[in-house]
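Asker:
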Amino acid sequence: MVVLVSAAVSAVLLTCAALFASAGGDPVPDVAFPEVVAATSQSPVPEYRAAVPEPSKAPAPRNPSRQGAHPSPDQVVRAALRRAAGPATVSAQVFDRRSGTSLFEEGADRTFRSASLVKLMIAIDALERGTQRPNSTKLTQMLSLSHDAAASELWVAGGGGQIVRRVAARLGLDAEPPQPDGRWGNTMISARDVVKIYDHILDQAPDAIMPALHAAPAIAADGFDQHFGIPRALDGLTWAIKQGWAAGSGSMDLHTTGVIGADHRYVVVVLTKSAGGANWGWGSKMVTEATQALRPLLLR
């Protein structure tokens, strides 16, 4: 089409020039027309491509590894323990002596007032220093019945807080002597400490201490029902226990600790601290339910 238009324009101009000349006008000057290059089929034609948008990518899901994931057994136990403890501060540990591993820990380094749990340390110290014979009446009363008078006598004879220092150094505990009054029940101790104490007893003096713990009756020397926690929550399993209960100084402390299984495989520790207004009935039920949360760990 470009060639045809250019040729037509040239013909018109030449005709006009001839007419002008024949009329006697001035000669028409030569006019230089720009060269028109015809487009042929051989000339390169730019290729046309329609812009096609790339398909949109869906955003990657957040934490894809957790999509539809179920809580682990540890998470289930932890949630049940905290739910059972309610407003109380709780610490717990389950230790498997067969594998030498801790199956569960919740605040295991948190320290609590020991209450009668320190009687285990008093017994270890008295036996290792030779001031008491294995399974003596005084040791048995102190451990099985949780007899406070027997504990106080051995506490004074052993140097009070020095007992805690000696046993802590020997076993690698974080336990601290009672301050500032020096009363044995105010010794500070953690769940991890209690696990180490039981492990030491079972390795070094099982026959001297464990019979008393296996024989712990429901009613302690002071009339308290000490079959809360482990005895009720883990019924049907063989157990040996040392419990602790104390009130005053604005709080109520209730602890259940012991060894589970005929072969003494598991050490179970649950320590709790509640506000001073709590009552023993509620506290005992709370500790029992918290201990019940640990039961699945012992039945795997």
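Numbered per mature numbering (1 follows the signal peptide of the UniProt record, and there is no 0), the sequence shown spans residues -23 to -1, 1 to 277.
Backbone N, C-alpha and C fix where the C-beta goes; we use that ideal spot for every residue, glycine too.
All values reported here derive from a predicted model rather than from experimental measurement.
(1) Quick check on the burial criterion: 16 or more other C-beta atoms within 10 angstroms. Buried or exposed for Lys262?
(2) Hey, is the segment 236 to 246 in contact with the segment 45 to 61, meaning 3+ C-beta pairs nearer than 8 Å?
(3) What beta strand (DSSP E) runs, 3 residues minimum, are completely inside the segment 67 to 100?
(4) Below 7 Å CB to CB, which residues in the same chain sit around Tyr175 once its five sequence neighbours on both sides are set aside?
(5) Name the two residues that bound the continuous alpha helix (DSSP H) containing Asp230.
(6) Can you give me the start and stop residues for the beta strand (DSSP E) that Trp216 sits inside?
(7) Give me the residue from Ala193, Ala69, Gly135 with the minimum Cα distance to Glu105.
(8) Please report the distance separating the alpha-carbon of Glu130 from that of Glu83.
(9) In the DSSP assignment, what are the bridge partners of Met263?
(10) At the level of alpha carbons, what is the spacing between Ala224 and Asp199?
(11) How long is the line joining the alpha carbons of Leu275 and Pro183, rounded to whole angstroms?
(12) Are the beta-carbon atoms belonging to Leu248 and Ala57 less than 9 Å from one another?
(13) Mind checking which residues open and close the alpha helix (DSSP H) that includes Ser49?
(14) Expressed to the nearest angstrom, what Euclidean distance is found between the alpha-carbon atoms of Glu153 and Leu214?
(15) Note the first and the last residue of the continuous beta strand (DSSP E) segment covering Ala252.
(16) Please look up how many angstroms separate the CB atoms of Gly221 and Ser93, rounded, as I've assumed it's under 8 Å.
(17) For Asp102, which of helix, strand or coil comes out of DSSP?
Answerer: Based on what the coordinates show:
(1) Classified as exposed, Lys262 has fewer than 16 neighbouring CB atoms from the shown chains inside 10 Å of its CB.
(2) The segment 236 to 246, when compared against the segment 45 to 61, does not touch it at the 8 Å Cβ threshold.
(3) Entirely contained in the segment 67 to 100, the beta strand (DSSP E) runs reaching 3 residues are, in chain order, 78 to 83, 88 to 90.
(4) Within the same chain, Tyr175 has close Cβ partners Val236, Val244.
(5) No alpha helix (DSSP H) holds Asp230; the beta strand (DSSP E) holding it covers 228 to 237.
(6) From DSSP, the beta strand (DSSP E) with Trp216 extends over 216 to 225.
(7) Comparing Cα positions, the closest option is Gly135.
(8) Cα to Cα, Glu130 sits roughly 34 Å from Glu83.
(9) Note: Met263 sits in no beta bridge, so no partner.
(10) When the Cα atoms are used, Ala224 and Asp199 turn out to be separated by approximately 14 Å.
(11) Cα to Cα, Leu275 sits roughly 21 Å from Pro183.
(12) For Leu248 and Ala57, no; Cβs fall outside 9 Å.
(13) Judged by DSSP secondary structure, Ser49 falls outside any alpha helix (DSSP H); it is assigned neither H nor E.
(14) C-alpha of Glu153 to C-alpha of Leu214: approximately 33 Å in a straight line.
(15) Unbroken beta strand (DSSP E) run through Ala252: 243 to 252.
(16) That pair is a contact at about 4 Å.
(17) In the structure shown, Asp102 sits in a helix (DSSP, three-state: H, G or I).
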